[in-house]
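In the numbering used here, each residue carries its 1-based index in the sequence shown increased by 79. We treat Cβ as the ideally placed atom computed from N, Cα and C, and that holds for glycine. Remarks on the structure that follows.
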Amino acid sequence: MSGRSFVDTNVLVYCFDTGEPTKRKRALAILEGDANVGDLVISTQILQEFYVTVTRKLKRPLSPRDATAAVHELAKLPVVQIDVAMVLASIADCQKHQLSLWDALVLGAALTADCQRVLTEDLQHGFAFGSLRVENPFL
């Protein structure tokens, strides 16, 4: 598949979640380029959410040192900077489309990066937002 895919936090977290072996295998395939999803893109929001989740919310959390190293590796992907204009546009989108602000920021960052799809399990599979299509890679 050609094009770009925006990767949501949950997909990246599963790469480190030993309690979910099936999802972990699929998430690693995505991150390693073996899943036919095109080029991967993330945002500064995703890096922040990732760090908090893997250090605090996993059954077997990563150490701060390991989580920091993982963030450094993830930051090698194209990263969309969340700025004031994007926050304000996302606030309008969350009100208009009844989305959480965090989901609206993900969609806004994906559009900014000219992605064709958003890989996440947090939004409805098949949901269309502008030129984006949401895909749950774990279905």
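Taking 8 Å as the cut-off, decide whether the C-beta atoms of residue i and residue j are in contact.
{"i": "CYS194", "j": "SER84", "result": "yes"}
{"i": "ALA133", "j": "PHE95", "result": "The identity of residue 133 in the sequence shown is Val, whereas the question assumes Ala. Contact flag set, yes."}
{"i": "LEU190", "j": "LEU167", "result": "no"}
{"i": "PHE129", "j": "VAL158", "result": "no"}
{"i": "VAL197", "j": "HIS204", "result": "no"}
Here's the rule I'm using: 16 or more other beta-carbon atoms within 10 Å means buried, otherwise exposed. How should residue i be labelled?
{"i": "PRO216", "result": "buried"}
{"i": "SER169", "result": "buried"}
{"i": "THR147", "result": "exposed"}
On a CA-only basis, which of the options is nearest residue i? Give me that one, please.
{"i": "LYS155", "options": "TYR93, SER122, ARG212, ALA106", "result": "SER122"}
{"i": "ALA114", "options": "ILE170, ALA164, VAL90, SER169", "result": "VAL90"}
{"i": "THR88", "options": "ILE170, VAL120, ALA148, ASP145", "result": "VAL120"}
List the DSSP bridge partners of residue i.
{"i": "GLU111", "result": "For GLU111, which the question treats as bridged, DSSP gives no partner whatsoever."}
{"i": "ARG135", "result": "Its beta-bridge partners do not exist; DSSP assigns none."}
{"i": "ILE121", "result": "VAL158"}
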